[in-house]
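Visitor: Please read through the structure below; I'll follow up with questions.
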Amino acid sequence: MFALVFFLLLLFFCVLLTTQSLSPELRKKYEEQKAIREEQNKLLYEKVHNSALKKAPNDYMEEVVAAEKEIHKQVLERRRNEELDQERQRLKSLAQQEKGN
C-alpha cells in the first residue's frame, strides 16, 4: 500500500516537473489543446444533456457519438480558419515589409 502511494506521488511530481519545464511554445500548445478539450466537452454537454432524459440509453449513446463527431469537425474547422487568418496576417506583413524596402 505504501509503495503504491509512493509511486503515485512520484508519478505526480514527475508530471508536474515535466509540465513546469516545458518551453513557452510547448506550454502554449498544451494550453490550447486543453482549451479545445474543455470547449468540446462543454459543447457536447450542452448538445446532448437536455435530450438525454427523453431517450433510451442506446439512442443516447448514438447521439453522443454523433455530437462528438460534429463538435470535433467544428473545432477543427475553427482551428483551420484561425491558422489561415494567421497565415494571411503573416503574408500581409511580409508584403508590407517588401513594399517598405
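Letter by letter, the sequence shown follows residues 5 to 105 in our numbering.
Note that CB positions come from ideal geometry on N, CA and C, so glycine has one too.
Treat the numbers as computed from the prediction; the structure is a model and nothing was measured.
#1: Beta-carbon separation of L47 and Q78 under 9 angstroms?
#2: Quick check: what's the CA-CA separation for V9 versus V19?
#3: Is S97 helix, strand or coil by DSSP?
#4: Within its chain, find whatever has a CB closer than 7 angstroms to the CB of I40; leave out the 5 residues flanking it on each side and keep chain order.
#5: Just how far apart, CA to CA, sit E43 and P28?
#6: Beta-carbon within less than 7 angstroms of K103's beta-carbon, same chain only, minus the 5 sequence neighbours each way: which residues are those?
#7: Expressed to the nearest angstrom, what Euclidean distance is found between the alpha-carbon atoms of R94 and K32?
Guide: A quick look at the data gives this:
#1: The count along the sequence shown starts at 1 and reaches residue 47 at position 43. The count along the sequence shown starts at 1 and reaches residue 78 at position 74. Cβ distance < 9 angstroms, so L47 and Q78 count as in contact.
#2: Against the sequence shown, residue 9 aligns to sequence position 5. Against the sequence shown, residue 19 aligns to sequence position 15. So the alpha carbons of these two residues sit roughly 15 angstroms apart.
#3: Taking the first residue of the sequence shown as position 1, residue 97 is located at position 93. S97: helix per DSSP, three-state reduction.
#4: Indexing the sequence shown from 1 puts residue 40 at position 36. So the list reads V79, once near-sequence residues are dropped.
#5: Working through the sequence shown from its first residue, we reach residue 43 at position 39. Working through the sequence shown from its first residue, we reach residue 28 at position 24. Distance between the alpha carbons of E43 and P28: 22 angstroms.
#6: As a first step, residue 103 is located in the sequence shown; it is residue number 99 there, counting from the start. Taken in chain order, the list of residues that qualify is empty.
#7: Here residue 94 is taken as the residue at index 90 of the sequence shown, counted from 1. Here residue 32 is taken as the residue at index 28 of the sequence shown, counted from 1. Rounded to the nearest angstrom, the two C-alpha atoms are 19 angstroms apart.
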